[in-house]
Amino acid sequence: MSLSVQAPLPGRVLALADVPDPVFAGQMVGAGVAIEPSRDRGPLDVVAPISGKILKLHPHAFVILGSAGRGVLVHLGIDTVKLRGEGFTLLAAEGDQVEAGDPVVRFDPTEIDGTGYSAVCPVVVMDSAPDSLADNTVGAEVTTGERLFDWTA
């Protein structure tokens, strides 16, 4: 099984090890990368990184279950659950079928910066083995919808 995951938002790609959260940095949720969001565009529409069904949707995070039965988590910032939805706008609903590139949530990373939380956004293949990405773009600047990484089981 393999999965090609697109960038859900623009920014600079970081290794999960560089995320200021031990759960993501330790790949306990799964393998992936993180994106340090672009700050020069104002509010960003965060899009589905794969096609599938929105399995879980919170203002600060969502999971899309792809046709191969694998979920991809997009987490908007670190500890942003503590904001209780403040600064996030839902653009889709839990249970929606989405295509890769469809808008899911809108947020402004500069507003997150003002809260004292990190705006870095992990993008993770749920329950995948650590370091199981076939190819990734760590260190690169990506635009929304560009290939972020490939994952193979």
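Going by UniProt numbering, the sequence shown opens with residue 1, and the numbers climb by one from there.
Ideal Cβ placement from N, Cα and C applies to all residues, glycine included.
Give the range of the alpha helix (DSSP H) segment to which residue i is assigned.
i, result
"E111", "P109 to D113"
"V23", "P22 to A25"
Rounded to whole angstroms, what is the Cα-Cα separation between residue i and residue j?
i, j, result
"G71", "G114", "31 Å"
"Q97", "V63", "12 Å"
"A100", "G85", "24 Å"
"M126", "V13", "18 Å"
Buried or exposed for residue i, going by 16 or more other Cβ atoms inside 10 Å?
i, result
"P37", "buried"
"A7", "buried"
"V123", "buried"
"P130", "exposed"
Using only CA atoms, which one of the options lies nearest to residue i?
i, options, result
"Y128", "G69, D40, V120 and T143", "First, the residue type needs correcting, since residue 128 is Ser and not Tyr in the sequence shown. With distances taken between Cα atoms, S128 lies closest to G69."
"L73", "A153, I112, F107 and G30", "G30"
"H75", "A134, V47, R147 and A153", "V47"
"F107", "D45, Y117 and L65", "D45"
Identify the continuous beta strand (DSSP E) that holds residue i and give its terminal residues.
i, result
"A68", "Neither: A68 is in no beta strand (DSSP E) and is coded neither H nor E."
"P37", "G30 to P37"
Strictly under 9 Å for the Cβ-Cβ distance: is residue i near chain B by that measure?
i, result
"Q27", "Given the protein chain composition of this structure (a single chain), no chain B is represented."
Open item on the list: Taking 8 Å as the cut-off, does the stretch 71-81 touch the stretch 131-142 (at least 3 CB pairs, one atom from each stretch)?
Closed with: Touching, no.
Open item on the list: Is it the case that the stretch 82-91 contacts the stretch 16-32, given that we only count it when at least three CB pairs across the two stretches are under 8 Å?
Closed with: Contact fails: fewer than three Cβ-Cβ distances are below 8 Å.
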